[in-house]
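S.K.:
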Amino acid sequence: MLLTVDIGNTHISLGGYEESRLVFVAQLLSHPMLTSDQYAVELQQIMTLYHTEPAAVDGAIISSVVPELCALFQRALKKITGVTPLLVGPGVKTGLNILIDDPAQLGSDLVAGAVAAAAAYPLPCVVFDLGTATSVSVIDKKGHFLGGMICAGVGIMLEALTTHTALLPHVSLEPPKNLIGRNSGECMQSGLIYGSAAMLDGIAERLERQLHEPPTLVATGGLANLIAPHCTHSFQISEHLLLEGLRLIYEKNRKPQKPV
Numbered sequence: 010m011l012l013t014v015d016i017g018n019t020h021i022s023l024g025g026y027e028e029s030r031l032v033f034v035a036q037l038l039s040h041p042m043l044t045s046d047q048y049a050v051e052l053q054q055i056m057t058l059y060h061t062e063p064a065a066v067d068g069a070i071i072s073s074v075v076p077e078l079c080a081l082f083q084r085a086l087k088k089i090t091g092v093t094p095l096l097v098g099p100g101v102k103t104g105l106n107i108l109i110d111d112p113a114q115l116g117s118d119l120v121a122g123a124v125a126a127a128a129a130y131p132l133p134c135v136v137f138d139l140g141t142a143t144s145v146s147v148i149d150k151k152g153h154f155l156g157g158m159i160c161a162g163v164g165i166m167l168e169a170l171t172t173h174t175a176l177l178p179h180v181s182l183e184p185p186k187n188l189i190g191r192n193s194g195e196c197m198q199s200g201l202i203y204g205s206a207a208m209l210d211g212i213a214e215r216l217e218r219q220l221h222e223p224p225t226l227v228a229t230g231g232l233a234n235l236i237a238p239h240c241t242h243s244f245q246i247s248e249h250l251l252l253e254g255l256r257l258i259y260e261k262n263r264k265p266q267k268p269v
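Just so you know, we're using the working numbering here: the sequence shown kicks off at 10 and counts up by one.
(1) Determine, using beta-carbon pairs with one atom in the region 247-264 and one in the region 122-130, whether at least three such pairs fall under 8 Å.
(2) Here's a check: name, in chain order, each residue in its chain whose Cβ is nearer than 8 Å to the Cβ of Leu-167, leaving out the five neighbours to either side.
(3) Measure the C-alpha to C-alpha separation of Gly-116 and Ala-129 and round it to an integer number of angstroms.
(4) Inspect the beta-carbon positions of Ile-70 and Leu-31 and report whether they are closer than 9 Å.
(5) Between the C-alpha atoms of Ala-142 and Asp-118, what's the straight-line distance to the nearest angstrom?
(6) In terms of residues, what are the limits of the alpha helix (DSSP H) holding Ile-212?
(7) Does DSSP classify Gly-156 as helix, strand or coil?
(8) Would you kindly work out how many angstroms separate the C-alpha atoms of Ala-175 and Thr-90, rounded to a whole number?
(9) Could you spell out the range, first to last residue, of the alpha helix (DSSP H) harbouring Phe-82?
(10) Which value, in whole angstroms, describes the spacing of the CA atoms of Glu-222 and Asp-138?
(11) Taking the alpha-carbon of Ala-206 as reference, which of Arg-218, Lys-264, Leu-235 has the nearest alpha-carbon?
(12) Between Cys-134 and Val-147, is the Cβ-Cβ spacing less than 9 Å?
(13) Could you spell out the range, first to last residue, of the alpha helix (DSSP H) harbouring Arg-263?
(14) Take Gln-245 and list the residues in its own chain whose beta-carbon comes closer than 6 Å to its own, dropping the five residues that flank it on each side.
(15) Are Lys-151 and Lys-261 touching if we call contact CB-CB under 9 Å?
(16) What are the start and end residues of the alpha helix (DSSP H) that includes Val-66?
(17) Under 8 Å Cβ to Cβ from Ala-161, same chain only, skipping five residues before and after it: list those, please.
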């Protein structure tokens, strides 16, 4: 089994693959105060929950936007499975031609998402990853990674509204009954949900003009199912895009087995 691990600012996503088949997906909270032993316990519990023996794991790969958690989780994986995970970063084969100023700056999560999108969807393609931040990755029709955008995520917008105003309440992130809100809570929900959807639509329109053709639009991340359905553009929603990208990157870097 291959374990794919995407460490984000809020959650750690785990995917277990048998060949190309995703057999389980799990999530942990990203918590830099935990030790590698504590993460090892949580990882052991996840594997028990999904009836997976640590000895069955023969490979692992990690992408991370939280450097201090990457080292902790790397040690936890080693303790439980005995496997040293591959870390997505400079020097790792991705098959992606990255055309930004400094390719080493590109987040490993964006690399994984772009690799999966380029393999699965018609090009050009734009990937919107809706998590703590909303990131936009642009891949042209030749499969080149051109760059992208980073915007505040929906949760950050909500936190900013409630933190920096005296009277606005904390609301749940769900679509309001009406586009035009009739109370403070509904107005905030409408602004957050439909405002975020309008941002995605606006970016998509501008990128279509820049690319001179309509790109395939892909939405992933924890908030993709909340926002993308309210867009006027059609989005392909791929919940596990990053995990699939990690699997593909692992396959590109796996050493061929020596014949017995």
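Yeah, the Cβ is synthetic: ideal placement off N, Cα and C, and Gly gets one too.
M.R.: This is what the structure holds:
(1) In this structure the region 247-264 touches the region 122-130; the number of beta carbon pairs closer than 8 Å is three or more.
(2) So the list reads His-179, Val-180, Leu-182, Met-197, Leu-201, once near-sequence residues are dropped.
(3) Gly-116 and Ala-129 have their C-alpha atoms spaced approximately 20 Å apart.
(4) In this structure, Leu-31 does not lie closer than 9 Å to Ile-70 by Cβ.
(5) Rounded to the nearest whole angstrom, the CA to CA distance from Ala-142 to Asp-118 is 12 Å.
(6) Here the alpha helix (DSSP H) through Ile-212 covers 193-220.
(7) Correct three-state label for Gly-156: strand.
(8) Straight-line spacing of the CA atoms in Ala-175 and Thr-90 works out to 50 Å.
(9) Note, Phe-82: alpha helix (DSSP H), 76-90.
(10) A direct Cα-Cα distance of roughly 21 Å separates Glu-222 from Asp-138.
(11) That would be Leu-235, whose Cα lies nearest to the Cα of Ala-206.
(12) The Cβ-Cβ distance between Cys-134 and Val-147 falls below 9 Å.
(13) For Arg-263, no alpha helix (DSSP H) run applies, since DSSP gives it neither H nor E.
(14) For Gln-245, where only same-chain residues beyond five positions count, the Cβ hits under 6 Å are Val-227.
(15) Lys-261 sits away from Lys-151, with the two beta carbons spaced by 9 Å or more.
(16) Unbroken run through Val-66: none, as it is neither H nor E.
(17) So the list reads Ala-142, Thr-143, Ala-169, once near-sequence residues are dropped.
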